[in-house]
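Undergrad: Residues in the sequence shown are numbered consecutively from 14, following the numbering used here. Every residue gets a Cβ at the ideal spot worked out from N, C-alpha and C, and that includes glycine. To start, I am sharing the structure in question, which I have written as structure tokens.
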Amino acid sequence: MNIDWQILWDPLFHIPWLAGCLAATFILPPIGVLLRLRDEWLAALGLAHLAGLSALAGLAIGIPTVLGAPVGGLIGILIKFVGNFPGNTIYVLMILIGWSCTLLIAANTPLGSVMGHALVEGQLFFATWIHLWINLCLGITIMLLWPWMSHHIIKACLFPGHNNQDSSVVWRWHLLFN
14 MNIDWQILWD PLFHIPWLAG CLAATFILPP IGVLLRLRDE WLAALGLAHL AGLSALAGLA
74 IGIPTVLGAP VGGLIGILIK FVGNFPGNTI YVLMILIGWS CTLLIAANTP LGSVMGHALV
134 EGQLFFATWI HLWINLCLGI TIMLLWPWMS HHIIKACLFP GHNNQDSSVV WRWHLLFN
């Protein structure tokens, strides 16, 4: 396999590379660890599918993906907390709804071709300055909140009955983490 290492010095590659490195080192690993400690990996998948759905639906009506994707995640969080659904069944439904509606939008709009090209060519090269700044802000926020979040989540994981005395405090930091 012959790899062209000159692409690393191409100016077109610098911003996507930095955005990807920030996401892969400072954003995704801490979030993954905290989600695993809270046993909410299924929630992450469900919310990600809804975010993908709203990003594609936003593109279909002319809204950038950076603005459309968080809307789906926030709607999923609101559905979970307002609906007061016990267990993880709602997250499985979020995956099903997100995946099926995304396919329906892709099949019935010209965005299906865009999705196909993005999957084949890789989405990294579509990262711009706004993605880099968002990743930088998220990385700094996670680094600043890490001691507080990890303390509460590890304590809840190791001593689950400790926070039962004052349940009003528990839902606040659960909601803030979500």
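Beta carbon of A64, beta carbon of A82: below 9 Å?
TA: The answer is yes: Cβ separation under 9 Å.
Undergrad: By the three-class DSSP mapping on this structure, what secondary structure does P173 have?
TA: coil
Undergrad: Give a yes or no on contact between the segment 23-42 and the segment 89-101, applying the rule of three or more CB pairs nearer than 8 Å.
TA: no
Undergrad: In this structure, does DSSP put F26 in helix, strand or coil?
TA: In the three-state reduction of the DSSP assignment, F26 falls in the helix class.
Undergrad: For the candidate residues I108, W142 and G75, whose alpha-carbon lies nearest to that of L25?
TA: The residue with the shortest Cα to Cα distance from L25 is W142.
Undergrad: From which residue to which residue does the alpha helix (DSSP H) around P83 run?
TA: T78 to G96 is the span of the alpha helix (DSSP H), which, as asked, contains P83.
Undergrad: What residue from G125, L109, W161 and A140 has the CA that sits closest to A73's CA?
TA: If you compare the alpha carbons of G125, L109, W161 and A140 with that of A73, the shortest gap goes to G125.
Undergrad: Of the choices L149, G75 and V46, whose alpha-carbon is the least far from that of C34?
TA: L149
Undergrad: From E53, G85, R51 and H62, pick the residue whose C-alpha is nearest to that of S113; which is it?
TA: H62
Undergrad: Three Cβ pairs or more, each shorter than 8 Å: is that satisfied between the segment 92-107 and the segment 146-161?
TA: no
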